[in-house]
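**Student:**
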Amino acid sequence: LDLANAVNGVTLQKYTQQDSVTSCLEGLITLQDRMVFRTLVDLTAFNNTLRSVSYEVKRLTRFYFKSVCFLKIPSMCNGYNNKECYCQTTQTENLYLFVLNATAYDIYSRGFVKVSVMLKNLSILSTDTINIPPIYDPSYIWSSFSVNNVFLQETKCRAMVSGTEVKIEYTCDIDWPSPCRLEILDASTNDTVLRGSNVIKSTKSFDGPTNLTWVLKKQYCHGTEEHTFHCFILVESREEVMMRSTELTIIYSVAILFVLVLVVTLVSCLCWKKKIKRASHRKEKSINNEEETELNSFRGD
Numbered sequence: 018l019d020l021a022n023a024v025n026g027v028t029l030q031k032y033t034q035q036d037s038v039t040s041c042l043e044g045l046i047t048l049q050d051r052m053v054f055r056t057l058v059d060l061t062a063f064n065n066t067l068r069s070v071s072y073e074v075k076r077l078t079r080f081y082f083k084s085v086c087f088l089k090i091p092s093m094c095n096g097y098n099n100k101e102c103y104c105q106t107t108q109t110e111n112l113y114l115f116v117l118n119a120t121a122y123d124i125y126s127r128g129f130v131k132v133s134v135m136l137k138n139l140s141i142l143s144t145d146t147i148n149i150p151p152i153y154d155p156s157y158i159w160s161s162f163s164v165n166n167v168f169l170q171e172t173k174c175r176a177m178v179s180g181t182e183v184k185i186e187y188t189c190d191i192d193w194p195s196p197c198r199l200e201i202l203d204a205s206t207n208d209t210v211l212r213g214s215n216v217i218k219s220t221k222s223f224d225g226p227t228n229l230t231w232v233l234k235k236q237y238c239h240g241t242e243e244h245t246f247h248c249f250i251l252v253e254s255r256e257e258v259m260m261r262s263t264e265l266t267i268i269y270s271v272a273i274l275f276v277l278v279l280v281v282t283l284v285s286c287l288c289w290k291k292k293i294k295r296a297s298h299r300k301e302k303s304i305n306n307e308e309e310t311e312l313n314s315f316r317g318d
């Protein structure tokens, strides 16, 4: 076994998935699984100077450890394995098994754990740290699904395919608890289109235009709840796509022409109004000039 043993007489064993309470082959599920760490404590190494032993954990992003439990050995070694922290005797005299059996919380994912001992003179010694496994929150576990290399959202899974081939790829994100199972079903028949683990991909051919409704399923670990969503795919022939494209081009061209005519008409109207206004202004100015000339002539007389 790989061991963390910086304190003589205290042997913190490396984490193993088999010791923990989980349905996953790798990683743990927050609030659902239990992480288990085991430590051997040899009292003969302390010569009756040991006061207590404790487990301490630290988040990946924090700078300090937090004590999660402590025991006095051997006085508190009652063997109750239903507690988060307990110790048991072994077949070797003065050798005790100190166990942390705690609920997995995702805040401690990939963090660190160590064992500290307090001596009767109140000095504290600690083992080397070992890694806590990844702990996942199911609400943040994602997968990706693509149709003809276009990624689709699970909540808005709709695609339009030109041609007779549909290339699909369904993938579990890299940071997933293991195993990850994927399946694609035909919603109309409930037949399996594709099934596998971690990554499934295939190219399906169709004789002509068709509407597909697929049910995508994903499940992590063993016996956990399945996550499902529907995807709607419209398969069209290239001729239909080209025809619709031509129709759209004509519609857009007519619309653009209409807009241009409207703009030209508006500009012409504005120019005509300005021309009329300028002519009216010149006429008014001419009349004023004539009146002023007559007035000056009258004064001269």
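All residue numbers in the sequence shown are consecutive under this note's numbering, ending with 318. Ideal Cβ positions, reconstructed from N, Cα and C, are used throughout, including at glycine. The structure presented is a predicted model; accordingly, all values stated were derived computationally and were not measured.
(1) Which residues in the same chain have their Cβ closer than 7 Å to the Cβ of Arg51, if we skip the five residues on either side of it in sequence?
(2) Under a Cβ-count criterion, where at least 16 other Cβ atoms within 10 Å of its own Cβ denotes burial, should Pro226 be classed as buried or exposed?
(3) May I ask you to report which of helix, strand or coil DSSP gives Lys89?
(4) Among Cys86, Asn215, Leu67, Ile124, which residue has its Cα nearest to the Cα of Lys137?
(5) Three-state secondary structure (DSSP) at Lys184?
(6) Tell me whether Lys235 is buried or exposed, calling it buried when 16 or more other Cβ atoms sit within 10 Å of its Cβ.
(7) Compute the beta-carbon to beta-carbon distance between Ser69 and Met135, rounded to the nearest angstrom, for a pair I have assumed lies under 8 Å.
(8) Give the secondary structure of Phe162 by DSSP, where H, G and I count as helix, E and B as strand, and everything else as coil.
(9) Per the DSSP calculation, Lys234 is bridged to which residue(s)?
(10) With a threshold of 6 Å (Cβ to nearest heavy atom), would Ser285 be considered close to the ligand GTP?
(11) Going straight from the alpha carbon of Cys288 to that of Ile267, what length do you get?
(12) Please classify Phe115: does DSSP put it in a helix, a strand, or coil?
(13) What separation, rounded to the nearest whole angstrom, lies between the Cα atoms of Thr33 and Leu233?
**Tutor:** In short:
(1) To locate residue 51, count along the sequence shown from 1; it is residue 34. Result list for Arg51: Ser37, Val38, Asn118, Ala119, Thr120, Ala121, in chain order.
(2) The residue given as residue 226 occupies position 209 in the sequence shown. Under this definition Pro226 is an exposed residue.
(3) Numbered from 1 along the sequence shown, position 72 holds the residue referred to as residue 89. If DSSP states are grouped into helix, strand and coil, Lys89 belongs with coil.
(4) Position 120 of the sequence shown, counted from the first residue, corresponds to residue 137. Ranking the options by Cα distance to Lys137, first place goes to Leu67.
(5) The count along the sequence shown starts at 1 and reaches residue 184 at position 167. Three-state DSSP puts Lys184 in a strand.
(6) One-based indexing of the sequence shown puts residue 235 at position 218. The residue is buried, with at least 16 neighbouring Cβ atoms inside 10 Å.
(7) Position 52 of the sequence shown holds residue 69. Position 118 of the sequence shown holds residue 135. Yes, Ser69 and Met135 are in contact; Cβ-Cβ is about 5 Å, under 8 Å.
(8) In the sequence shown, the residue the question calls residue 162 occupies position 145. In the three-state DSSP reduction, Phe162 falls in the strand class (E or B).
(9) In the sequence shown, the residue the question calls residue 234 occupies position 217. According to DSSP, which records beta bridges pairwise, Lys234 is partnered with Glu200, Thr245.
(10) This structure does not include the ligand GTP; it has no bound ligands of any sort.
(11) For the purposes of this step, residue 288 is taken as the residue at position 271 of the sequence shown. For the purposes of this step, residue 267 is taken as the residue at position 250 of the sequence shown. The straight-line gap from Cα to Cα measures roughly 31 Å.
(12) Along the sequence shown, one-based indexing puts residue 115 at 98. Looking at Phe115 - three-state DSSP - the assignment turns out to be strand.
(13) Residue 33 sits at position 16 when you count from the first residue of the sequence shown. Residue 233 sits at position 216 when you count from the first residue of the sequence shown. The alpha-carbon atoms of Thr33 and Leu233 are separated by roughly 33 Å.
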